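Heads up: the sequence shown is residues 1 to 402, going by the UniProt record's numbering.
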Amino acid sequence: MHVRISGSTLSAVKLDLLTIPTGYKANVMTWLSFVIRTGDWRKTPTVMTKSDVVLKWKGNSMNYFNSIKRVVLFSAAAALSTSAAYAETTVVVGYQQIVGPFLTAIANGKFDAAAKEAGYKIDWRQFASGGDISTALASGNVPVGVIGSTGIAAAATRGVDLQLFWILDNIGKSEALVAREGSGIEKPEDLKGKKIGVPFVSTSHFHLLVGMDDIWKINPRDAEILNMTPPQIVAAWQRGDIDAAYVWPPALSEILKSGKEIANSEEIGAKSVPTFDGLVVDKSFASENPKFMTAFTAVLKDAYADYKANGGQWTADSDQVKGMVKLIGGNAADIPGALALLSFPTVEEQASPSWLGGGKDSGALKSVTQSAKFLVDQKQLDKALDDYSGNVNGSFAEAAAK
């Protein structure tokens, strides 16, 4: 005999009475109704937080009903709106080692405070790359995360139902190709036969391939391109295992101490497609949680406005920079310089056709579309989608800009 109780919200609590003797069904339903109506579980042990409980029972006695009663209470109590422990819905948000106003608002608790007021709690998780966040989004474990424009194109093409809703930064000079001292690389054309570290399916990877294929006329197969996360790049660099790397701060700042920049994404973007980092959200989550999205975007608006007005004060000893270092590591002295390499669009700029606004004329949409086509040319994707407009959502930025 089995009893299954499922549901993670009050409205979703369900009791599935499977092969329960007829004489007990009415009692169980009466008890569940009483608990949901009154929230009275005072005679139960500590509340279990699982939303799904399966009780297996053999026998036919009053102990059977008592066991059912406990299972009902454990599951229902966790879901009742009267329980303070359930007052907030937890949302997992993934971030990367990318400096900027987004990180400061994580570090100073502004996101957490806004989410709590809206009835949510944020579980912040750092990921090594956008590819990892894309995988987590596809699995349904992470509804909000940071991915570069190339990663967005790849994920959307592979069927991840995501929407870009905020431009984290315009990459520009903040991603660069650096040659290690003693590598024999003085110019991009010297990359032939060399080992190059780069996070695959990232904006750095995209521009490395664009540079080699379209600008420097080097067959990427003539070099050994290795898939590495930023921390792995730093470690391999220090061991002398790689000759060059294409990456972003703080890893970029670290390898520049014993390397030479030979190209950057501003230069390559000017000759091809500019790249950006963005915040994406699972499409269903966004439509089902407008309060969270509105609160989250409002914090972004304020954080980016603060940087525009006071970015010059974000020095190595400032709370903003200290907060970033606490989250992602690195040297505080390197952060202001890394910030200067990026541009951070204000909410008004976010909502404009230059970025998220403008529908089919959206600048972000054009970048994602062109990135996807290039990935197909490079055989990173089999086929691009006909239309990526469903993967760009400017409505939250537009509402925040009003």
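Glycine residues also receive a C-beta, built at the ideal position from the N, C-alpha and C atoms. Remember, predicted model here, so these are calculated numbers, not experimental data.
Measure the alpha-carbon distance for residue i versus residue j and round it to whole angstroms.
i: Lys187; j: Ile262; result: 6 Å
i: Leu327; j: Asp243; result: 29 Å
i: Ile185; j: Ala179; result: 6 Å
i: Val142; j: Ala286; result: 12 Å
i: Leu103; j: Gly323; result: 8 Å
i: Tyr307; j: Gly148; result: 21 Å
i: Ile196; j: Glu88; result: 45 Å
i: Lys217; j: Glu288; result: 48 Å
i: Ser202; j: Ala153; result: 10 Å
i: Asp361; j: Leu209; result: 26 Å
i: Gly311; j: Pro220; result: 39 Å
i: Ser253; j: Arg158; result: 33 Å
i: Thr135; j: Ala305; result: 31 Å
i: Gly59; j: Thr90; result: Per-residue confidence for Gly59 stands at a pLDDT of 39, beneath the threshold of 50, marking its modelled position as unreliable; the derived number appears in the next sentence. About 39 Å.
i: Tyr388; j: Ile215; result: 26 Å
i: Leu381; j: Glu267; result: 25 Å
i: Asp386; j: Lys283; result: 19 Å
i: Ala107; j: Asp319; result: 9 Å
i: Gly269; j: Val321; result: 28 Å
i: Lys379; j: Ala372; result: 10 Å
i: Asp112; j: Glu189; result: 48 Å
i: Asp213; j: Ala309; result: 40 Å
i: Gly359; j: Pro290; result: 20 Å
i: Asn264; j: Asp277; result: 15 Å
i: Trp124; j: Gly240; result: 34 Å
Among the options, whose alpha-carbon lies nearest the alpha-carbon of residue i?
i: Ile122; options: Lys326, Gln370 and Phe292; result: Phe292
i: Val281; options: Leu342, Asp169, Phe396 and Val247; result: Phe396
i: Ala139; options: Val92, Asp112 and Ser183; result: The identity of residue 139 in the sequence shown is Ser, whereas the question assumes Ala. Considering only alpha carbons, the answer is Val92.
i: Thr297; options: Ala114, Asn391, Ser362 and Gly94; result: Ala114
i: Ser183; options: Val146, Asn141 and Gln238; result: Gln238
i: Ala399; options: Val321, Thr294 and Gly363; result: Thr294
i: Gly193; options: Leu226, Thr203 and Ile171; result: Leu226
i: Ser354; options: Asp169, Ala305, Met324 and Ala154; result: Asp169
i: Gly357; options: Ala155, Gln232 and Gly390; result: Gly390
i: Ser272; options: Gly211, Lys116 and Gly278; result: Gly211
i: Ala235; options: Gln96, Ser258 and Gly151; result: Ser258
i: Leu279; options: Asn264, Gly151 and Ala107; result: Gly151
i: Ile133; options: Val160, Gly269, Gln378 and Asn264; result: Val160
i: Lys260; options: Gly359, Glu181, Asp277 and Asp319; result: Glu181
i: Glu117; options: Val299, Ala309, Gln320 and Gly240; result: Val299
Is the beta carbon of residue i sitting closer than 8 Å to the one on residue j?
i: Thr275; j: His205; result: no
i: Ala338; j: Ser174; result: yes
i: Trp314; j: Ile98; result: no
i: Leu191; j: Ala223; result: yes
i: Gly119; j: Phe200; result: no
i: Gly100; j: Phe344; result: yes
i: Gly145; j: Gly109; result: no
i: Ala364; j: Val376; result: no
i: Ala155; j: Leu137; result: yes
i: Gly330; j: Pro231; result: no
Please go through the same chain and pick out, in chain order, the residues whose beta-carbon is closer than 8 Å to the beta-carbon of residue i, but skip the five residues on each side of it.
i: Ala316; result: Ala332, Ala333, Ile335 and Pro336
i: Ala401; result: Lys301, Val347, Glu348, Gln350 and Ala351
i: Arg42; result: Here the model assigns Arg42 a pLDDT of 37, short of 50, so the residue's position is not dependable, and the following value carries that caveat. Here the set comprises nothing.
i: Ala303; result: Pro101, Phe102, Thr104, Ala105 and Lys110
i: Gln126; result: Gly94, Tyr95, Gln96, Gln97, Leu327 and Ile328
Given residue i, which residues of its chain have a CB within under 7 Å of its CB, disregarding the five upstream and five downstream residues?
i: Thr229; result: Ala128, Ser129 and Pro199
i: Ala245; result: Val178, Ile196, Gly197, Val198, Ile233, Trp237 and Ile255
i: Leu341; result: Gly172, Lys173 and Ser174
Looking only at its chain, what residues have a beta carbon closer than 6 Å to the beta carbon of residue i, apart from the 5 residues adjacent to it on each side?
i: Val325; result: Ala332
i: Lys50; result: Residue placement at Lys50 is flagged as unreliable, the pLDDT there being 31, under the threshold of 50; a coordinate-derived value is accordingly withheld.
i: Asn393; result: Gln163 and Phe165
Practice item. Would you check if the region 162-169 and the region 356-370 touch, i.e. whether three or more CB-CB distances between them fall below 8 Å? Key: yes
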